[in-house]
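Trainee:
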Amino acid sequence: MMCGYITYEQYKALGGRANSSAFPRLEQLARKKLDYWTQGRITGPDDDIRLCMALIIDAMERIKSGFVNVASTSNDGLTVNYASAQTEEQMMGSVYDQIVEILPVELVSLEVGI
Numbered sequence: 708m709m710c711g712y713i714t715y716e717q718y719k720a721l722g723g724r725a726n727s728s729a730f731p732r733l734e735q736l737a738r739k740k741l742d743y744w745t746q747g748r749i750t751g752p753d754d755d756i757r758l759c760m761a762l763i764i765d766a767m768e769r770i771k772s773g774f775v776n777v778a779s780t781s782n783d784g785l786t787v788n789y790a791s792a793q794t795e796e797q798m799m800g801s802v803y804d805q806i807v808e809i810l811p812v813e814l815v816s817l818e819v820g821i
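So for the sequence shown, our numbering puts the first residue at 708; every next one is plus one.
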């Protein structure tokens, strides 16, 4: 019986970047985040749940490594680079927006059943 929503092999098959030693902790944190976002409505993992888990785990890994967005602009041969660190809140908000699009509304909507 699998106690998590995704195995390391499934995660890697979805293009996951975290290493195997970091994965158990990241999977547990991601599962808790997904359970919170879905208010505990997940009855078992399916392909959509595993995809959501991979998105959350990768975001957590990027946050841990201090992910920085870099943009540049050029004008008359002068190039200027801008770096802006995306906050954890911004990154997880972006992941949540993706998850809302992936999962059925009854898993992520608090208004279902009203």
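All residues carry an ideal CB built from backbone N, CA and C; glycine is no exception. For clarity, every value in this text was computed on a predicted model and none was experimentally measured.
Three-state secondary structure (DSSP) at residue 762?
Mentor: helix
Trainee: Is residue 743 buried or exposed, if buried means 16 or more other CB atoms sit within 10 Å of its CB?
Mentor: Exposed: under 16 other Cβ atoms inside 10 Å.
Trainee: Please state the DSSP three-state secondary structure of residue 785.
Mentor: strand
Trainee: Does the Cβ-Cβ distance between residue 721 and residue 806 come in under 9 Å?
Mentor: no
Trainee: For residue 716, name the three-state secondary structure that DSSP assigns.
Mentor: helix
Trainee: Which whole-angstrom value is the C-beta distance of residue 727 and residue 715, which I expect to be below 8 Å?
Mentor: 6 Å
Trainee: Drop a sphere of 10 angstroms on the beta-carbon of residue 804, count the other beta-carbons inside from all chains shown, and report buried for 16 or more, exposed for fewer.
Mentor: exposed
Trainee: Nearest-angstrom Cα distance between residue 795 and residue 808?
Mentor: 20 Å
Trainee: Relative to the C-alpha of residue 760, which candidate in 735, 811, 771 and 815 has its C-alpha closest?
Mentor: 735
Trainee: Report all residues from its chain with a CB closer than 6 Å to the CB of residue 730; omit the five preceding and five following residues, and keep chain order.
Mentor: Taking residue 730 as the centre and dropping the five residues before and after it, the same chain places the C-beta of 715 closer than 6 Å to its C-beta, in chain order.
Trainee: Going by C-alpha to C-alpha distance, which of 738, 717 and 747 sits closest to residue 813?
Mentor: 747
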